[in-house]
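Engineer:
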Amino acid sequence: MTDTAALAPTVLVVDDTPDNLKIISGLLKDRYRLKVANNGAKALEIAAGAAPDLILLDIMMPGLDGYAVCERLKGDPRTKAIPVVFMTGRTEAGDRDRGLRLGAADYLTKPVDPTVLRERVAAVLRREG
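For what it's worth, our numbering labels the leading residue of the sequence shown as 417, then goes sequentially.
1. A453: which of V485, T525, L423 sits nearest, CA to CA?
2. Just to confirm the assignment, what range does the beta strand (DSSP E) spanning R449 have?
3. Expressed to the nearest angstrom, what Euclidean distance is found between the alpha-carbon atoms of A539 and V532?
4. Where does I439 sit, in a helix, a strand or coil, going by DSSP?
5. Applying the 10 Å Cβ sphere with the 16-neighbour rule, what's the burial state of T507?
6. With a 10 Å radius around its C-beta and 16 neighbouring C-beta atoms as the bar for buried, classify A464 as buried or exposed.
7. Given a cut-off of 7 angstroms, decide if D474 and T504 are closer than it, judged by their beta-carbon atoms.
8. Does DSSP put L480 in a helix, in a strand, or in coil?
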């Protein structure tokens, strides 16, 4: 890893669909260090162990859904400051409002435009950093 890459922010991508993890990772790998989790429990474990700079979090997952993961992240002193960006197929205004009330920094709907994803991740990192 180059010195520049070592200084890049770390983004944790959480999604239960392997193809989504692959696509999102492919879109961000040139700008960020990436970690991935395919379920909410694994995301909480990773975040508590070595806090990423930002978490991209799917809502619809088996077991702990994204809302429950966000609520736990924001309730834990070790992880409450990590910005969360929901990235989901849920498009109802109430879903977005619920996510923001839980403390999410942003809410993106799938399919996510690659340019919008990169811009929003960079904006949240600038704002929260």
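For glycine and all other residues, C-beta sits at the position ideal for the given N, C-alpha and C.
Structural biologist: Judging by the given coordinates:
1. V485
2. 449-453
3. 10 angstroms
4. helix
5. exposed
6. exposed
7. yes
8. coil
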